[in-house]
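These protein sequence lines map, in sequence, to chains S and L. In this note's numbering, each residue carries its 1-based index in the first sequence increased by 73. In this note's numbering, each residue carries its 1-based index in the second sequence increased by 94. Just so it is clear, CB atoms sit at the ideal spot from N, CA and C, and this is done for glycine as well. The model shown is predicted, which means the values in this text are computed figures rather than measured ones. Single-structure report; data block below.
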Amino acid sequence: MKGKYKLILSQVKEFKLQAIMTPVFMIGEVAMEMVIPLLMASIIDDGVNKGDMNHIIMTGLWMVVCALIGLACGLGGGFFGARASTGLARNLRHAQFEHIQEFSFANIDHFGVSGLVTRLTTDVTNIQNAFQMVLRIGFRAPTTLIVAMAMAFFINAKLASIYLVAVLALGIFLFMVMKKASRYFREVFTRYDALNESVQENVSAIRVVKSFVREEYEKSRFEKAVLQVYELFVRAERTVITNGPVMMGAVYACILLLSWFGAKMIVAGGLTTGELMSLLAYCMNILVSLMMVSMIFVMLTMSEASMERIALVLDEQITLKNPENPDYDIPDGAVKFDHVTFSYSEKAEKPVLDDVSFEVKAGETIGIIGGTGSSKSSLVNLIPRLYDVLDGAVYVGGKDVRSYDIEALRSAVAVVLQKNVLFSGTILENLRWGNPEATDEECMEACRLACADEFIERLPDRYETYIEQGGTNVSGGQRQRLCIARALMKHPKILILDDSTSAVDTATDAKIQSTFREYIPDTTRFIIAQRISSVQNADRILVMEDGRINGFGTHEELLASNEIYRDVYESQIEGSGDFDKGGDQ
Amino acid sequence: MAAEKRKSSASADLKEQARKAKAHYKPASVQAAGGGPGGRGRARGPKPKIDHPWKLLGRVLKYVMARYKFQFLFVLAAIAVSVFANLQGTLFMRTLIDSYIVPMISQANPDFGPLARAIGRVALFYAIGIAASFAQSLTMVYVTQGSMRDLRKDLFDHMESLPISYFDQHSHGDIMSVYTNDVDTMRQLVSQTITQIFQAVITVVSTLAAMIILSLPLTLLTLAMVALTMFTTTKCAGISQKHFIQQQNSLGAVNGFIEEMMNGQKVVKVFCHEEENQQIFDELNQELYESADKAISYSNILGPLNGQIGNLSYVLCAIAGGALALRGIGGFTLGSLASFLTLNKSFGMPVSQISNQLTAIVMAMAGAQRIFNLLDAEPEQDEGYVMLVNAERSADGQLRETDHHTGSWAWKHYHQATDTTDYKPLEGAIVMDDVDFGYVPDRMVLHNITLYAKPGQKIAFVGSTGAGKTTITNLINRFYDIQDGKIRYDGINVNKIRKGDLRRSLGMVLQDTHLFTGTVMENIRYGKLDATDEEVIAAAKLANADLFIRQLPDGYQTVLTGDGGNLSQGQRQLLSIARAAIADPPALILDEATSSIDTRTERIVSEGMDRLMAGRTTFVIAHRLSTVRNADCIMVLEQGRIIERGTHEQLIEAKGRYYQLYTGNAITA
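Structure below.
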């Protein structure tokens, strides 16, 4: 990924001026700082030594001017650096979020939810910090190094070569230490993560630990892991701490060598006292900025991973695109699968759906049943074009789904996903996701159809009840019914319930089905369920097995002819009870 | 036209939505930015105010000192040595110029011998300083890492001893953050903050002393400038702090929104809600940008501001010092000026360091508080003394204790009064007698629970979510202690049985199967640590798990990661059954598979369960019909009470709540 720097930097956009001015200011600040020791030399040599008080004051004033210019530059660099880096962060977040909005399901699957969250949060912060660091310190430190070195050579090339040697030696040393240490630290952090993971496991599985009385066993295992981490940490840090003393040694050596050779030169007449003092003042500048440069490299390598992750999002090709001349009119809810083959990844050996063909008339209710992994969800997800088929075609209202405008298609085809979520906000706000302009009455009507009205009425704030993030303050069954109501708000031509009543008790489930039959008879309905009772009243039932259609017919037909269906039915006859869900009210 | 209007009203609506959205992302804003993904976005709330930060610091120091007293004292001594070594070097400037360079300039034949020796002496001190600083760093590595090792171990050991209720009351994310964030804060406190403060204080004091010796007036000038620095720092930090809080709030809002929307991104797509989201996001994002820009700007200018005040101080000292040296007032020489200017440059840094580190300490105390809160949490009490032992019948029919597995167990009951020990065979009779329980004392969740399980019987609990089924089973193995009533195990009050032994006698299969990182083999062996591979495989066969395990890429050696994320729910359940099976417990508590397992897998699971239950007293929380029908007794729970009990036939006959649940028909009374 060579292009990641370019890709990230292209997001600087309107903050280019700030991004360019920051280093300019920083260099200005450095220049002023470097002039001051030079003026110092003049105070001592031409002022103190020659007894010229006037010169001392004049030069002093020049130094004050330098300090003030330096201050102005410093402030400018500070402000511009902040703006450039936070601006870049803003643009990166915006660009990613915008691109993610266009993602297809396949794109989302590719990164995963937590992957996307990290990229939008931590990774952006990392880059913001790194960018500011590079703009400010990244220019400041090398400039200091170079200018101070140049000044030193300007004063006295012979003595300055001491610095040159020191910088080279220290530079090589730092490089080696950092290289070695970063290898150790990588190892440490892997182990450290594993250690924390084992704590996490113990916390969430504490009941297992306690019921098997494995506290002592876990303790001794943890102790071993802790010891390992300890040893690795010690090894890594022992490498790093050599930095300090070596650095000190370099500084001290420079001071002493300068004192010795400087004294000799002054006595011989090749150097003034003031010049020696300036040279000594540059010592710290040079060596500290060298240290800074090495730190910036470490920081950059650390943020490189973040850059790479973000670049992947920005670079991601959208797998689903609106057609050029999209069709906005979906005539009815008829559905046809024509030799559909589908797979989440083109490389997969075995397709998820393998040559599936069937036809459904508008207004029909279709039950879908099958074991986990039999591709029930994958099948229905193709109808609103959440994924594209690999081969064959899916038709809605007699036209290929790929010919429709995606938004129009999805407004006509409502899916209640298996892993469904509510958003933080009131119940009404959540319902209006389905239709932003719906009146309160329309919302209540949808809830009645989904049998959600009964529990909403009993909530203290009724339809204004605030739903927590992820819908954690309502039960599973209640959440499912709200999701169904939200989907109904669209007045869809096709309604797909993907295992959406699994947490709703049998009686309510039956009631929802019969309400649908009565009030939205023209809507084509697909109902995926584990319970036979949820599907047995459907017009026809699809039995899925291993990505293929195993049977398609009415309840009676399947009972007579389909082995899988009969099998499932027999295991569930009589009550179909999920007892614990039964009283969900 | 209509479309236009619709659009404009929609956009007004959006604004309103964005406003609302922002409003409700705000409160959750204090959420730690480092909370990371998957943390379920639990707001950690504002940081608790620490009442006695210094007392707490004392406790931290005591914790470290208790183990590393000598090392710590050594470190302090080493710091002092290295500071003085540095100082003598700076003061040498004066000697260099006044005693060597200036006199030698006027000499015809200068003798460099004395200078060489002086430099040699300084070099020696420098070398000592470097050695001291190296020794100090090295020691600190061991002190810091050693303390962290002990702290982690103490935390973990203590955590393992805590009662289940602790884990109920504290979010897992919060507990985890003690191990990660808070321990890390402690590491910094021990390794950097404390030593740096000490170093800074010594530096300030000794530098100040040296400056006063060189020149009192210049010292006062320097101090005045330092005061100015401190003034600007406080001012700037105050402004910056205000903006930082705002930035944290905006960041929290943005992160909260991101987390929620990324989780719901598929729903967003299904409802074509992308544009609205983008608009809300952009507003939140802009707000974050603005507050971050301000916060960072103000903290950025602090550096140059102080730097230039430092330069100003340097310049003023140069002018004033130049004047002093020129007139030779108070014996101030050129050499003194050289030394003083160097001291002046190195004085500002430790002063601002001290104030930074003091802030760091106060902040670290929040972490220390959380660490000690965990370490101070009351561990699980165990006053039991009845032990579970392997037993065998000797020839005369007497029950005898033995140290090998015999397949039968006995309760070893020591009576203090008579100094006798008797053995009672473990049979598995469990009685609950009028038990009341509440997680918090004044809110009972179980009322008057009375039940009898004869050895080998199967008792099923049914009822709606929250009726108290799981709670009852958690009382039997004393995850929680009851408020009123009695629970007896083979006639012994469970309070008298050692907790470990009680739990060993009760196998548990939980609905949330928790597996550990490791191989399948290791996971099953968790039930019996010394089990041979053959025993593991036998247990897996019993649980119906053998077949699918063999189909895994590495069979029994397949490594499971992240709670068995690479297995299906049904497969995880089978492994946890095998894990319980290998422990071969005399009694069982089963929380059945969930509704997300399809019917065919469920059949395999329930077969495994049935084999496990054979011949053992079993409490089963039933979700499925097949488990319940052949139970010896079914308890129907509602709101913490047993409202019906009996066999399947009896309950169907009664046409009560059970009938209603079972048939899925609401009864219209």
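Between the alpha carbons of leucine 378 of chain L and tryptophan 135 of chain S, how many angstroms are there, rounded? The sequence position of residue 378 of chain L within the second sequence is 284, counting from 1. The sequence position of residue 135 of chain S within the first sequence is 62, counting from 1. About 48 Å.
Exposed or buried, histidine 509 of chain L, counting other C-beta atoms within 10 Å across all chains shown (16 or more means buried)? Walking along the second sequence from the start, residue 509 of chain L turns up at place 415. So histidine 509 of chain L counts as exposed.
Isoleucine 191 of chain L burial status per 10 Å Cβ neighbour count (16 or more: buried): In the second sequence, residue 191 of chain L corresponds to position 97, counting from 1. Buried.
For isoleucine 413 of chain L, which of L/Tyr546, L/Ala432 and L/Leu155 has the nearest alpha-carbon? Along the second sequence, one-based indexing puts residue 413 of chain L at 319. Closest by alpha carbon: L/Ala432.
How about threonine 695 of chain L: is its C-beta nearer than 9 Å to some C-beta of chain S? Reading the second sequence from its first residue, position 601 is the one you call residue 695 of chain L. Yes, its Cβ sits closer than 9 Å to a Cβ of chain S.
Would glutamine 201 of chain L pass as an interface residue toward chain S - the criterion being a Cβ-Cβ separation below 9 Å? Residue 201 of chain L sits at position 107 when you count from the first residue of the second sequence. At least one chain S Cβ lies under 9 Å of glutamine 201 of chain L.
Would phenylalanine 599 of chain S pass as a contact of isoleucine 441 of chain S if the rule is Cβ separation under 9 Å? Mapped onto the first sequence, residue 599 of chain S falls at position 526. Mapped onto the first sequence, residue 441 of chain S falls at position 368. Cβ distance < 9 Å, so phenylalanine 599 of chain S and isoleucine 441 of chain S count as in contact.
Output yes if chain L places a C-beta closer than 9 Å to the C-beta of threonine 597 of chain S; else output no. Position 524 of the first sequence, counted from the start, is the residue given in the question as residue 597 of chain S. It does not; no Cβ of chain L falls within 9 Å.
Pick helix, strand or coil for glutamate 474 of chain L, following the three-state DSSP scheme. Taking the second sequence and counting its residues from 1, the one referred to as residue 474 of chain L is at position 380. Correct three-state label for glutamate 474 of chain L: coil.
Do aspartate 428 of chain S and glycine 465 of chain S have their beta-carbon atoms positioned less than 9 Å apart in this structure? Counting from 1 along the first sequence, the entry for residue 465 of chain S is found at position 392. Counting from 1 along the first sequence, the entry for residue 428 of chain S is found at position 355. The answer is yes: Cβ separation under 9 Å.
Have a look at S/Phe212, S/Ile173 and S/Leu112 and flag the residue whose alpha-carbon is nearest the alpha-carbon of valine 97 of chain S. Counting from one through the first sequence, the residue named residue 97 of chain S turns up at place 24. Of S/Phe212, S/Ile173 and S/Leu112, the residue nearest in Cα terms is S/Phe212.
What are the start and end residues of the alpha helix (DSSP H) that includes tryptophan 135 of chain S? Numbered from 1 along the first sequence, position 62 holds the residue referred to as residue 135 of chain S. That run of the alpha helix (DSSP H) goes 126 to 175.
Among the candidates S/Tyr477, S/Cys356 and S/Thr374, whose CA atom is the shortest distance from the CA of glutamate 397 of chain S? What you label residue 397 of chain S is simply residue 324 of the first sequence in a count that begins at 1. When only C-alpha atoms are compared, the closest one is S/Tyr477.
Between the CA atoms of threonine 327 of chain L and alanine 233 of chain S - distance to the nearest angstrom: Looking up residue 233 of chain S in the first sequence gives position 160. Looking up residue 327 of chain L in the second sequence gives position 233. Using only the alpha carbons, I get a separation of about 36 Å.
Between the beta-carbon of glycine 621 of chain L and the beta-carbon of phenylalanine 295 of chain S, is there less than 9 Å? On the second sequence, position 527 is the one that residue 621 of chain L refers to. On the first sequence, position 222 is the one that residue 295 of chain S refers to. For glycine 621 of chain L and phenylalanine 295 of chain S, no; Cβs fall outside 9 Å.
Rounded to the nearest angstrom, what separates phenylalanine 152 of chain S and threonine 312 of chain S at their Cα positions? Within the first sequence, residue 152 of chain S is the residue found at index 79, counting from 1. Within the first sequence, residue 312 of chain S is the residue found at index 239, counting from 1. Going from the Cα of phenylalanine 152 of chain S to the Cα of threonine 312 of chain S covers about 37 Å.
Who are the Cβ neighbours of valine 641 of chain S in its own chain at under 8 Å, not counting the five residues just before and after it? The residue labelled residue 641 of chain S in the question sits at position 568 within the first sequence. So the qualifying residues of the chain are Ile442 and Ile605.
In whole angstroms, what separates the C-alpha of tyrosine 661 of chain S from that of threonine 581 of chain S? Within the shown structure, residues of chain S are numbered from 74 to 658, placing residue 661 of chain S beyond reach of any answer.
Could you work out which residue in S/Ser548, S/Ile622, S/Arg639 and S/Ile479 is closest to phenylalanine 178 of chain S when comparing CA atoms only? Locating residue 178 of chain S in the first sequence gives position 105, where the first residue counts as 1. Measuring from the Cα of phenylalanine 178 of chain S, the nearest candidate turns out to be S/Ile479.
Rounded to whole angstroms, what is the Cα-Cα separation between isoleucine 553 of chain L and threonine 438 of chain S? Counting from one through the second sequence, the residue named residue 553 of chain L turns up at place 459. Counting from one through the first sequence, the residue named residue 438 of chain S turns up at place 365. Taking the straight line joining both Cα atoms gives about 41 Å.
Identify, in the order they occur along the chain, each residue of the same chain with its Cβ nearer than 8 Å to the Cβ of threonine 345 of chain S, setting aside the five sequence neighbours on each side. Locating residue 345 of chain S in the first sequence gives position 272, where the first residue counts as 1. These residues qualify, in order along the chain: Ala114, Ile117, Asp118, Asn122 and Ile339.
Please compile the residues from chain L whose C-beta is within a distance smaller than 7 Å of the C-beta of threonine 346 of chain S. Taking the first sequence and counting its residues from 1, one reaches residue 346 of chain S at position 273. Correct list: Ile191, Ile195 and Leu428.
Looking at the secondary structure, which residues open and close the alpha helix (DSSP H) in which asparagine 400 of chain L lies? Indexing the second sequence from 1 puts residue 400 of chain L at position 306. Run containing asparagine 400 of chain L: 368 to 421, per the alpha helix (DSSP H) assignment.
Nearest to asparagine 589 of chain L by CA position, among L/Thr496, L/Asn571 and L/Ala321, is which residue? Numbered from its first residue, the second sequence carries residue 589 of chain L at position 495. Checking every option, the nearest Cα to that of asparagine 589 of chain L belongs to L/Asn571.
Per DSSP, tryptophan 503 of chain L forms a beta bridge with which residues? By one-based count along the second sequence, residue 503 of chain L stands at place 409. Beta-bridge pairing links tryptophan 503 of chain L to L/Asn484.
Assumed close pair glycine 133 of chain S, glutamine 402 of chain L - CB separation to whole angstroms, cut-off 8 Å: Position 60 of the first sequence, counting from 1, holds the residue named residue 133 of chain S. Position 308 of the second sequence, counting from 1, holds the residue named residue 402 of chain L. Contact flag wrong, Cβ pair sits at about 15 Å.
Give me the chain L residues within the contact set of glutamine 174 of chain S, using Cβ-Cβ distance strictly less than 7 Å, ordered along the chain. On the first sequence, residue 174 of chain S is found 101 positions in, with the first residue counted as 1. Per Cβ cutoff of 7 Å: Glu368, Asn371 and Gln372.
What's the gap between the Cα of leucine 185 of chain L and the Cα of threonine 287 of chain L? Looking up residue 185 of chain L in the second sequence gives position 91. Looking up residue 287 of chain L in the second sequence gives position 193. In a straight line, the C-alpha of leucine 185 of chain L is about 28 Å away from that of threonine 287 of chain L.
Checking 9 Å against the spacing of the C-beta atoms, do phenylalanine 625 of chain S and phenylalanine 415 of chain S come in under that value? As a position in the first sequence, residue 625 of chain S is number 552, starting the count at 1. As a position in the first sequence, residue 415 of chain S is number 342, starting the count at 1. For phenylalanine 625 of chain S and phenylalanine 415 of chain S, no; Cβs fall outside 9 Å.
Interface positions of the region 186 to 207 of chain S facing chain L (Cβ-Cβ less than 9 Å), listed along the chain: Val186, Ser187, Gly188, Leu189, Val190, Thr191, Leu193, Thr194, Thr195, Thr198, Gln201 and Gln205
Buried or exposed: which applies to tyrosine 78 of chain S, given that a residue is buried once 16 or more other Cβ atoms fall within 10 Å of its Cβ? Here residue 78 of chain S is taken as the residue at index 5 of the first sequence, counted from 1. With fewer than 16 other Cβ atoms within 10 Å, it is exposed.
Report yes or no: is there a C-beta of chain S within less than 9 Å of the C-beta of threonine 274 of chain L? By 1-based counting over the second sequence, the position of residue 274 of chain L is 180. Interface residue, yes.
Is there a C-beta anywhere in chain S that falls below 9 Å from the one on serine 449 of chain L? Taking the second sequence and counting its residues from 1, the one referred to as residue 449 of chain L is at position 355. Chain S, which has no Cβ nearer than 9 Å to the Cβ of serine 449 of chain L, makes this no.
Contact list for the region 484 to 515 of chain L against chain B, Cβ threshold 7 Å: Judged by its chain identifiers, the structure shown contains no chain B, and its protein chains are S and L.
Limits of the beta strand (DSSP E) - the one that histidine 541 of chain L falls within: As a first step, residue 541 of chain L is located in the second sequence; it is residue number 447 there, counting from the start. Taken as a continuous stretch (DSSP letters only), the beta strand (DSSP E) holding histidine 541 of chain L covers 540 to 547.
Quick one, are the C-beta atoms of asparagine 394 of chain L and alanine 155 of chain S less than 9 Å apart? Sequence index remark: in the second sequence, residue 394 of chain L carries index 300 (1-based). Sequence index remark: in the first sequence, residue 155 of chain S carries index 82 (1-based). A contact, by the Cβ cut-off of 9 Å.
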